[in-house]
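Here the sequence shown is numbered in the working numbering, starting from 83 and rising by one per residue.
Yeah, the Cβ is synthetic: ideal placement off N, Cα and C, and Gly gets one too.
Following: one structure in C-alpha cells, then a few remarks.
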Amino acid sequence: MPRHAEIALVRHGRSAHVESRWLDVEGVRRWMIDYDAAEIAHEHPPPPTLVALARSADLIVSSDLPRAVASAALLAGTHSVEANSLFRESPLESADAPMPALGGVRLPLRAWGLVWGVRWLRASRRGLPPPGADASVIARAETAAAWLEDRAGAGGLVLVVTHATFRTLLAAALVRRGWRPPAQRPFREWSVWTLRREQSAE
Numbered sequence: 083m084p085r086h087a088e089i090a091l092v093r094h095g096r097s098a099h100v101e102s103r104w105l106d107v108e109g110v111r112r113w114m115i116d117y118d119a120a121e122i123a124h125e126h127p128p129p130p131t132l133v134a135l136a137r138s139a140d141l142i143v144s145s146d147l148p149r150a151v152a153s154a155a156l157l158a159g160t161h162s163v164e165a166n167s168l169f170r171e172s173p174l175e176s177a178d179a180p181m182p183a184l185g186g187v188r189l190p191l192r193a194w195g196l197v198w199g200v201r202w203l204r205a206s207r208r209g210l211p212p213p214g215a216d217a218s219v220i221a222r223a224e225t226a227a228a229w230l231e232d233r234a235g236a237g238g239l240v241l242v243v244t245h246a247t248f249r250t251l252l253a254a255a256l257v258r259r260g261w262r263p264p265a266q267r268p269f270r271e272w273s274v275w276t277l278r279r280e281q282s283a284e
C-alpha cells in the first residue's frame, strides 16, 4: 500500500543575539557574523505541537549553525540529530547583489530588514531568487532536496531545522522534484512548512 512521505521544514528558534545599535552596511556584515555564532533565546520555546511533531519524526536533521543545532536539540528529546552544512542559511548578499551602502547611513537593524525585504520583493517580482542566493546557493538547495528525498525513502517523516531564506529555496527545489507544496508558509521562528509526496511501496 502506498505511504505518504513528509518533509517538515522548520525555521529555527529566536536567536539569543540582540542588536540595539544603529548600523551602517559594514555593521550589518559584522552583525551577521555574531548572529551566526549565537544559539537561541530559551525564553522563546517551541510550541508543544512542534515538539510533538519532532518526537514523531523518523529522522531529524539540521543546519550546522549554532541556532539551528540548539533548536533541533530542544525539539529532539531522545532522538539523535544529524547536523549538515547543506542546510545553512543563504547569505544576505553575493558578489553580484551586495547589500546597498546607502551612502554610509546608519539604521536600526529592523530598518535594514526592511531594506532587505524590499530587495527580496523586487527579485521575486522579476522571477529571480532572493538577494544573496547566487548560483552556488541554488545548487546547494538542489543537492539538499535530493539528499532529503533519499532519506525520506518509502515513507515517513523527515524534520529539518533550517533558516528563513534557505527554507524558501529548499521548498522550491522539492516542489520541482514533485513534492506537494506546503499549504501554509508562516515566516516566524519555529514555524513549519510541510511538503508531502505519495510513495509507492516496493
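* **Assigned secondary structure, A90 (DSSP; H/G/I helix, E/B strand, else coil)** => Your numbering for residue 90 matches position 8 in the sequence shown. A90: strand per DSSP, three-state reduction.
* To do: Might you give, ordered along the chain, the residues of its own chain that have their beta carbon closer than 6 Å to the beta carbon of V100, omitting 5 neighbours on each side?
  => In the sequence shown, counting from the first residue as 1, residue 100 sits at position 18. Taking C-beta separations shorter than 6 Å and ignoring five residues to either side along the sequence, V100 has no partners in its chain.
* Asked: Rounded to the nearest angstrom, how far is the Cβ of H249 from that of A87, given a contact under 8 Å?
  -> Locating residue 249 in the sequence shown gives position 167, counting from the first residue. Locating residue 87 in the sequence shown gives position 5, counting from the first residue. Reading off the sequence shown, one finds Arg at residue 249, where the question assumed His. Actually they do not touch by this definition, with Cβ atoms about 18 Å apart.
* Asked: Nearest to W229 by alpha carbon, out of A154, R112, V110 and A165?
  -> Position 147 of the sequence shown, counted from the first residue, corresponds to residue 229. Minimum Cα-Cα distance from W229 among the listed residues A154, R112, V110 and A165 corresponds to A165.
* **Length of the line joining the Cα atoms of A154 and P148** => In the sequence shown, residue 154 corresponds to position 72, counting from 1. In the sequence shown, residue 148 corresponds to position 66, counting from 1. A straight-line Cα-Cα distance of about 10 Å links A154 and P148.
* **Beta-carbon proximity check, L157 vs A123, cutoff 9 Å** => Numbered from its first residue, the sequence shown carries residue 157 at position 75. Numbered from its first residue, the sequence shown carries residue 123 at position 41. No, they are not a contact pair.
* Asked: So what's S167 in DSSP terms, helix, strand or just coil?
  -> What you label residue 167 is simply residue 85 of the sequence shown in a count that begins at 1. S167 sits in a helix when the DSSP states are folded into three classes.
* Candidates R111, A139, W275 and W198: which alpha carbon is nearest W261's? -> Along the sequence shown, one-based indexing puts residue 261 at 179. A check of alpha carbon separations from W261 across R111, A139, W275 and W198 identifies W275 as the nearest.
* Asked: Three-state secondary structure (DSSP) at W275?
  -> Along the sequence shown, one-based indexing puts residue 275 at 193. DSSP places W275 in strand when its eight states are reduced to three.
* Write down the C-beta distance between V163 and S144 rounded to the nearest angstrom, noting that I regard them as a contact closer than 8 Å. => Here residue 163 refers to the residue found at position 81 of the sequence shown. Here residue 144 refers to the residue found at position 62 of the sequence shown. Contact annotation, V163 with S144: C-beta distance approximately 6 Å; criterion of less than 8 Å satisfied.
* Asked: By Cβ distance below 8 Å, which residues in the same chain neighbour Q266 in space, the five residues on each side in sequence not counted?
  -> Reading the sequence shown from its first residue, position 184 is the one you call residue 266. The beta carbon of Q266 is closer than 8 Å to those of W275 in its chain, skipping five residues each way along the sequence.
* Asked: Does any CB atom of chain B fall closer than 9 Å to the CB of M181?
  -> Checking the listed chains, one finds no chain B in this structure; it contains a single protein chain.
* To do: State buried or exposed for W104, treating a residue as buried only when at least 16 other CB atoms are found within 10 Å of its CB.
  => Sequence index remark: in the sequence shown, residue 104 carries index 22 (1-based). It counts as exposed.
* Nearest-angstrom beta carbon gap, H126 and E171 [assumed within contact, 8 Å] -> Start at 1 with the first residue of the sequence shown, and residue 171 comes out as number 89. Start at 1 with the first residue of the sequence shown, and residue 126 comes out as number 44. Not quite, the Cβ-Cβ distance comes to about 18 Å (not below 8 Å), so this is no contact.
* Whole-Å CB distance - G214 paired with D106, under 8 Å assumed -> What you label residue 214 is simply residue 132 of the sequence shown in a count that begins at 1. What you label residue 106 is simply residue 24 of the sequence shown in a count that begins at 1. Their Cβ separation, rounded to whole angstroms, is 18 Å, which puts G214 and D106 out of contact at 8 Å.
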